[in-house]
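Visitor:
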Amino acid sequence: MDSLKFNIKVPLLEKAASNMKDIISHIKLNDGIYFDKNKYDENDIIMNLECTNIYKKIETMKHILIAHILKIDVSNLFFDVLKNISINNLTLKKLIYNYLILYAEGNEELTILTINSFKNDLNNNNYQIRASALKAMASIKSIDMINILMNSLKKLSKDKSPYVRKSCADVIPSIYNIDKDQFMFLRKILLDLINDQDVVVLSSAIMSFNSLCIYNNTHRNNNYDNNNNINNCDFTLQDFNNFKPNIYKYKMKGVR
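In terms of the working numbering, the sequence shown has 759 at position 44, counting the first letter as 1, and numbering is strictly consecutive.
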(Lines of atoms letter the chains of each structure in order from A and count residues from 1; the text may use other names and numbers.)
(Lines give C-alpha, C1' and ligand atoms only; values in the text may rest on other atoms or scores of the structure.)
Protein backbone atom coordinates (compact mmCIF):
# COMPACT_ATOMS: atom_id res chain seq x y z
CA MET A 1 0.00 0.00 0.00
CA ASP A 2 1.37 3.41 -0.94
CA SER A 3 1.89 5.93 1.82
CA LEU A 4 -1.00 8.33 2.14
CA LYS A 5 -1.76 11.77 3.41
CA PHE A 6 -4.73 14.02 3.00
CA ASN A 7 -6.13 17.52 3.11
CA ILE A 8 -8.80 18.65 5.57
CA LYS A 9 -10.00 22.22 5.47
CA VAL A 10 -10.35 24.15 8.72
CA PRO A 11 -14.19 24.38 8.60
CA LEU A 12 -14.39 20.59 8.59
CA LEU A 13 -12.13 20.43 11.64
CA GLU A 14 -14.33 22.94 13.44
CA LYS A 15 -17.48 20.96 12.69
CA ALA A 16 -16.03 17.56 13.52
CA ALA A 17 -17.21 15.62 16.55
CA SER A 18 -14.73 15.58 19.41
CA ASN A 19 -13.40 12.11 18.59
CA MET A 20 -12.93 13.16 14.97
CA LYS A 21 -10.97 16.21 16.13
CA ASP A 22 -8.69 13.90 18.08
CA ILE A 23 -8.19 11.72 15.01
CA ILE A 24 -7.48 14.67 12.74
CA SER A 25 -5.09 16.20 15.27
CA HIS A 26 -2.95 13.06 15.12
CA ILE A 27 -2.71 13.08 11.33
CA LYS A 28 -0.69 15.75 9.52
CA LEU A 29 -2.76 18.22 7.55
CA ASN A 30 -1.77 19.54 4.11
CA ASP A 31 1.09 17.08 3.68
CA GLY A 32 0.65 16.59 -0.01
CA ILE A 33 -0.72 13.11 -0.67
CA TYR A 34 -4.43 12.44 -0.97
CA PHE A 35 -6.46 9.46 0.10
CA ASP A 36 -8.06 7.59 -2.79
CA LYS A 37 -11.24 5.91 -1.57
CA ASN A 38 -11.27 3.60 -4.60
CA LYS A 39 -7.84 2.16 -3.74
CA TYR A 40 -8.81 1.02 -0.25
CA ASP A 41 -7.43 -2.53 0.04
CA GLU A 42 -8.12 -4.39 3.28
CA ASN A 43 -5.59 -7.13 2.51
CA ASP A 44 -2.81 -4.57 2.10
CA ILE A 45 -3.84 -2.93 5.35
CA ILE A 46 -3.71 -6.21 7.28
CA MET A 47 -0.33 -7.05 5.78
CA ASN A 48 1.10 -3.69 6.86
CA LEU A 49 -0.34 -4.02 10.35
CA GLU A 50 1.43 -7.37 10.67
CA CYS A 51 4.79 -6.16 9.38
CA THR A 52 7.63 -5.08 11.68
CA ASN A 53 8.08 -1.63 10.12
CA ILE A 54 6.72 0.99 12.56
CA TYR A 55 6.45 3.66 9.85
CA LYS A 56 4.23 1.38 7.74
CA LYS A 57 2.05 0.65 10.77
CA ILE A 58 1.63 4.37 11.46
CA GLU A 59 0.77 5.16 7.84
CA THR A 60 -1.66 2.25 7.79
CA MET A 61 -3.42 3.45 10.95
CA LYS A 62 -3.79 6.88 9.32
CA HIS A 63 -5.25 5.11 6.29
CA ILE A 64 -7.77 3.27 8.48
CA LEU A 65 -8.89 6.39 10.35
CA ILE A 66 -9.23 8.43 7.18
CA ALA A 67 -11.32 5.59 5.73
CA HIS A 68 -13.56 5.78 8.80
CA ILE A 69 -14.00 9.54 8.30
CA LEU A 70 -15.01 8.80 4.70
CA LYS A 71 -17.61 6.31 6.03
CA ILE A 72 -15.82 3.13 4.96
CA ASP A 73 -16.54 0.28 7.38
CA VAL A 74 -13.23 -0.58 9.03
CA SER A 75 -14.67 -2.57 11.95
CA ASN A 76 -13.36 -5.87 10.51
CA LEU A 77 -9.82 -4.68 11.25
CA PHE A 78 -10.37 -4.53 15.00
CA PHE A 79 -8.30 -7.57 15.98
CA ASP A 80 -5.48 -6.66 13.58
CA VAL A 81 -5.32 -3.16 15.06
CA LEU A 82 -5.60 -4.36 18.64
CA LYS A 83 -2.59 -6.67 18.29
CA ASN A 84 -0.39 -3.57 17.95
CA ILE A 85 -1.48 -1.83 21.15
CA SER A 86 1.55 -3.00 23.15
CA ILE A 87 4.06 -1.45 20.72
CA ASN A 88 5.90 1.35 22.48
CA ASN A 89 5.55 4.13 19.93
CA LEU A 90 3.62 7.26 20.95
CA THR A 91 2.34 8.18 17.49
CA LEU A 92 1.14 4.65 16.81
CA LYS A 93 -0.52 4.38 20.22
CA LYS A 94 -2.44 7.63 19.71
CA LEU A 95 -3.78 6.42 16.38
CA ILE A 96 -4.68 2.97 17.72
CA TYR A 97 -6.51 4.41 20.72
CA ASN A 98 -8.55 6.68 18.46
CA TYR A 99 -9.61 3.58 16.54
CA LEU A 100 -10.41 1.64 19.74
CA ILE A 101 -12.55 4.48 21.07
CA LEU A 102 -14.64 4.18 17.90
CA TYR A 103 -14.93 0.40 17.78
CA ALA A 104 -14.36 -1.01 21.30
CA GLU A 105 -18.08 -1.38 21.94
CA GLY A 106 -19.13 -4.75 20.56
CA ASN A 107 -15.59 -6.12 20.82
CA GLU A 108 -15.46 -6.33 24.62
CA GLU A 109 -14.01 -9.84 24.88
CA LEU A 110 -11.13 -9.09 22.53
CA THR A 111 -10.35 -5.76 24.16
CA ILE A 112 -10.29 -7.15 27.70
CA LEU A 113 -7.53 -9.54 26.60
CA THR A 114 -5.21 -6.53 26.33
CA ILE A 115 -6.03 -5.11 29.76
CA ASN A 116 -2.37 -5.08 30.83
CA SER A 117 -1.54 -2.72 27.96
CA PHE A 118 -4.35 -0.42 29.08
CA LYS A 119 -3.05 -0.43 32.66
CA ASN A 120 0.46 0.43 31.52
CA ASP A 121 -0.77 3.26 29.31
CA LEU A 122 -2.81 4.77 32.13
CA ASN A 123 0.58 5.51 33.70
CA ASN A 124 2.28 6.62 30.49
CA ASN A 125 4.44 9.76 30.65
CA ASN A 126 2.50 11.22 27.72
CA TYR A 127 -0.74 12.89 28.84
CA GLN A 128 -2.52 12.10 25.55
CA ILE A 129 -1.82 8.40 25.98
CA ARG A 130 -3.14 8.44 29.56
CA ALA A 131 -6.32 10.18 28.43
CA SER A 132 -6.75 7.96 25.37
CA ALA A 133 -6.37 4.79 27.42
CA LEU A 134 -9.09 5.97 29.82
CA LYS A 135 -11.44 6.92 26.96
CA ALA A 136 -10.89 3.57 25.26
CA MET A 137 -11.59 1.66 28.47
CA ALA A 138 -14.82 3.60 28.99
CA SER A 139 -15.79 2.83 25.38
CA ILE A 140 -15.65 -0.91 26.04
CA LYS A 141 -18.84 -0.64 28.12
CA SER A 142 -18.16 -3.85 30.03
CA ILE A 143 -19.11 -4.37 33.68
CA ASP A 144 -16.01 -6.57 33.97
CA MET A 145 -13.89 -3.43 33.58
CA ILE A 146 -15.69 -1.34 36.17
CA ASN A 147 -13.25 -1.77 39.08
CA ILE A 148 -10.26 -0.87 36.92
CA LEU A 149 -12.20 2.04 35.43
CA MET A 150 -13.20 3.46 38.79
CA ASN A 151 -9.69 3.20 40.24
CA SER A 152 -8.26 4.81 37.11
CA LEU A 153 -10.84 7.58 37.16
CA LYS A 154 -10.12 8.36 40.81
CA LYS A 155 -6.40 8.65 40.11
CA LEU A 156 -6.56 10.50 36.78
CA SER A 157 -9.11 13.05 38.01
CA LYS A 158 -6.18 14.42 40.04
CA ASP A 159 -3.76 14.25 37.10
CA LYS A 160 -1.40 17.19 36.56
CA SER A 161 -2.63 17.54 32.97
CA PRO A 162 -5.87 19.53 32.41
CA TYR A 163 -6.45 17.45 29.25
CA VAL A 164 -6.49 14.25 31.31
CA ARG A 165 -8.78 15.75 33.96
CA LYS A 166 -11.10 16.99 31.20
CA SER A 167 -11.13 13.47 29.75
CA CYS A 168 -12.17 12.14 33.16
CA ALA A 169 -15.16 14.47 33.16
CA ASP A 170 -16.01 13.49 29.58
CA VAL A 171 -16.16 9.73 30.25
CA ILE A 172 -18.21 9.86 33.46
CA PRO A 173 -21.64 9.62 31.73
CA SER A 174 -20.41 6.55 29.82
CA ILE A 175 -19.19 4.93 33.04
CA TYR A 176 -22.55 5.67 34.69
CA ASN A 177 -24.30 3.88 31.83
CA ILE A 178 -22.09 0.84 32.43
CA ASP A 179 -22.83 0.68 36.17
CA LYS A 180 -25.45 2.98 37.66
CA ASP A 181 -24.49 1.82 41.17
CA GLN A 182 -21.40 4.02 40.86
CA PHE A 183 -23.53 7.16 40.82
CA MET A 184 -22.48 8.69 44.14
CA PHE A 185 -18.79 8.09 43.47
CA LEU A 186 -19.08 9.62 39.99
CA ARG A 187 -21.03 12.58 41.34
CA LYS A 188 -18.30 13.26 43.91
CA ILE A 189 -15.60 13.26 41.24
CA LEU A 190 -17.66 15.61 39.08
CA LEU A 191 -18.14 18.03 41.95
CA ASP A 192 -14.38 18.03 42.51
CA LEU A 193 -13.81 18.68 38.80
CA ILE A 194 -16.37 21.49 38.81
CA ASN A 195 -14.09 23.17 41.33
CA ASP A 196 -11.06 22.69 39.05
CA GLN A 197 -8.78 25.66 38.39
CA ASP A 198 -8.87 25.09 34.61
CA VAL A 199 -11.87 26.43 32.72
CA VAL A 200 -11.75 23.65 30.09
CA VAL A 201 -12.00 21.03 32.83
CA LEU A 202 -14.79 23.00 34.49
CA SER A 203 -16.77 23.21 31.23
CA SER A 204 -16.59 19.45 30.64
CA ALA A 205 -17.49 18.74 34.26
CA ILE A 206 -20.59 20.94 34.04
CA MET A 207 -21.66 19.24 30.80
CA SER A 208 -21.26 15.80 32.35
CA PHE A 209 -23.03 16.87 35.54
CA ASN A 210 -25.91 18.09 33.39
CA SER A 211 -26.00 14.75 31.56
CA LEU A 212 -25.61 12.62 34.66
CA CYS A 213 -27.88 14.49 37.04
CA ILE A 214 -30.10 17.16 35.54
CA TYR A 215 -31.06 15.30 32.35
CA ASN A 216 -31.59 11.99 34.13
CA ASN A 217 -33.57 13.68 36.87
CA THR A 218 -35.86 15.28 34.29
CA HIS A 219 -36.23 12.30 31.96
CA ARG A 220 -36.02 9.31 34.29
CA ASN A 221 -38.50 6.59 33.45
CA ASN A 222 -40.60 4.49 35.79
CA ASN A 223 -37.69 2.14 36.46
CA TYR A 224 -35.85 4.96 38.22
CA ASP A 225 -38.72 6.59 40.08
CA ASN A 226 -37.50 5.01 43.30
CA ASN A 227 -33.82 5.38 42.55
CA ASN A 228 -32.23 7.23 45.45
CA ASN A 229 -29.20 7.98 43.29
CA ILE A 230 -31.16 10.25 40.99
CA ASN A 231 -32.70 12.03 43.97
CA ASN A 232 -29.20 12.97 45.13
CA CYS A 233 -28.43 15.05 42.04
CA ASP A 234 -29.01 18.48 43.52
CA PHE A 235 -26.14 20.73 44.51
CA THR A 236 -25.88 21.20 48.24
CA LEU A 237 -25.34 24.71 49.62
CA GLN A 238 -21.70 23.81 50.26
CA ASP A 239 -21.31 22.62 46.65
CA PHE A 240 -22.62 25.96 45.44
CA ASN A 241 -20.37 27.94 47.78
CA ASN A 242 -17.37 26.01 46.49
CA PHE A 243 -18.46 26.62 42.91
CA LYS A 244 -19.05 30.40 43.15
CA PRO A 245 -15.42 31.52 43.64
CA ASN A 246 -14.39 29.81 40.43
CA ILE A 247 -17.11 31.59 38.46
CA TYR A 248 -15.93 34.96 39.77
CA LYS A 249 -12.31 34.07 39.04
CA TYR A 250 -13.08 33.10 35.43
CA LYS A 251 -15.06 36.31 34.92
CA MET A 252 -12.14 38.33 36.21
CA LYS A 253 -9.92 36.59 33.66
CA GLY A 254 -12.34 37.47 30.87
CA VAL A 255 -13.70 33.94 30.46
CA ARG A 256 -17.39 33.92 29.64
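All residues carry an ideal CB built from backbone N, CA and C; glycine is no exception. The model shown is predicted, which means the values in this text are computed figures rather than measured ones.
#1: Helix, strand or coil for D836, going by three-state DSSP, please let me know.
#2: If you compare alpha carbons, which of K881, M899, N839 is closest to L927?
#3: Taking the continuous alpha helix (DSSP H) assigned at M860, which residues delimit it?
#4: Around the Cβ of L785, are there at least 16 other Cβ atoms within 10 angstroms (buried) or fewer (exposed)?
#5: With 16 as the cutoff for other CB atoms within 10 Å, does Q843 come out buried or exposed?
#6: Between the C-alpha atoms of I779 and T767, what's the straight-line distance to the nearest angstrom?
#7: With DSSP run on the structure shown, which of helix, strand or coil describes E820?
#8: Please list, in chain order, all residues of the same chain as K771 whose beta carbon is under 6 Å from its beta carbon, the five residues on each side excluded.
#9: Just the C-alpha distance for N1002 and I921, rounded to the nearest angstrom, thanks.
#10: Are E823 and S854 touching if we call contact CB-CB under 7 Å?
#11: Please list, in chain order, all residues of the same chain as F924 whose beta carbon is under 6 Å from its beta carbon, the five residues on each side excluded.
#12: Would you mind reading off the limits of the alpha helix (DSSP H) that contains K771?
#13: Which of the three DSSP states, helix, strand or coil, is assigned to K798?
#14: When DSSP labels each residue in this structure, what does K903 get in the three-state scheme?
#15: If you run the structure through DSSP and keep just helix, strand and coil, what is K873?
#16: Look at the Cβ atom of K881, then the Cβ atom of V915, and state whether they are nearer than 7 Å.
#17: Using CA atoms only, rank isn't needed, just tell me which of N831, N841, S832 is closest to D874.
#18: So what does DSSP say about T829, is it helix, strand or coil?
#19: Check whether the Cβ atoms of V973 and A846 sit closer than 7 Å, and answer yes or no.
#20: Roughly how many whole angstroms lie between the Cα atoms of I781 and N804?
Guide: Let me spell this out:
#1: Here residue 836 refers to the residue found at position 121 when the sequence shown is read from its first residue. In the structure shown, D836 sits in a helix (DSSP, three-state: H, G or I).
#2: Here residue 927 refers to the residue found at position 212 of the sequence shown. Nearest option by C-alpha distance: M899.
#3: Start at 1 with the first residue of the sequence shown, and residue 860 comes out as number 145. It is not in any alpha helix (DSSP H) - M860 carries neither H nor E in the DSSP assignment.
#4: Counted from its first residue, the sequence shown places residue 785 at position 70. Under this definition L785 is an exposed residue.
#5: Counting from one through the sequence shown, the residue named residue 843 turns up at place 128. It counts as buried.
#6: Here the question's residue 779 lines up with position 64 in the sequence shown. Here the question's residue 767 lines up with position 52 in the sequence shown. Distance between the alpha carbons of I779 and T767 is about 18 Å.
#7: Here residue 820 refers to the residue found at position 105 when the sequence shown is read from its first residue. In the structure shown, E820 sits in coil (DSSP, three-state: anything other than H, G, I, E or B).
#8: Here the question's residue 771 lines up with position 56 in the sequence shown. So the qualifying residues of the chain are N763.
#9: The requested residue 1002 is not part of the displayed model; the chain covers only 716 to 971.
#10: As a position in the sequence shown, residue 823 is number 108, starting the count at 1. As a position in the sequence shown, residue 854 is number 139, starting the count at 1. No, these two residues do not count as a Cβ contact at 7 Å.
#11: For the purposes of this step, residue 924 is taken as residue 209 along the sequence shown, with counting starting at 1. Excluding residues within five positions, the ones whose Cβ falls inside 6 Å are L905.
#12: Taking the sequence shown and counting its residues from 1, one reaches residue 771 at position 56. Looking at the DSSP string, the run of the alpha helix (DSSP H) that includes K771 is 769-784.
#13: Working through the sequence shown from its first residue, we reach residue 798 at position 83. Coil.
#14: Here the question's residue 903 lines up with position 188 in the sequence shown. Per DSSP, reduced to three states, the secondary structure at K903 is helical.
#15: Here residue 873 corresponds to residue number 158 of the sequence shown, with the count starting at 1. The three-state reading of DSSP puts K873 in coil, since its state is none of H, G, I, E or B.
#16: Counting from 1 along the sequence shown, the entry for residue 881 is found at position 166. Counting from 1 along the sequence shown, the entry for residue 915 is found at position 200. Yes, the pair counts as a contact, with Cβ atoms nearer than the cut-off.
#17: Residue numbering aside, residue 874 sits at position 159 when the sequence shown is read from its first letter. Comparing Cα-Cα distances from D874 to each of N831, N841, S832, the minimum goes to N841.
#18: Locating residue 829 in the sequence shown gives position 114, counting from the first residue. Of the three classes helix, strand and coil, the one that applies to T829 here is coil, per DSSP.
#19: The structure shown does not extend to residue 973, since the chain spans only 716 to 971, so no value can be given for it.
#20: Along the sequence shown, read from residue 1 onward, the residue named residue 781 stands at position 66. Along the sequence shown, read from residue 1 onward, the residue named residue 804 stands at position 89. Using only the alpha carbons, I get a separation of about 20 Å.
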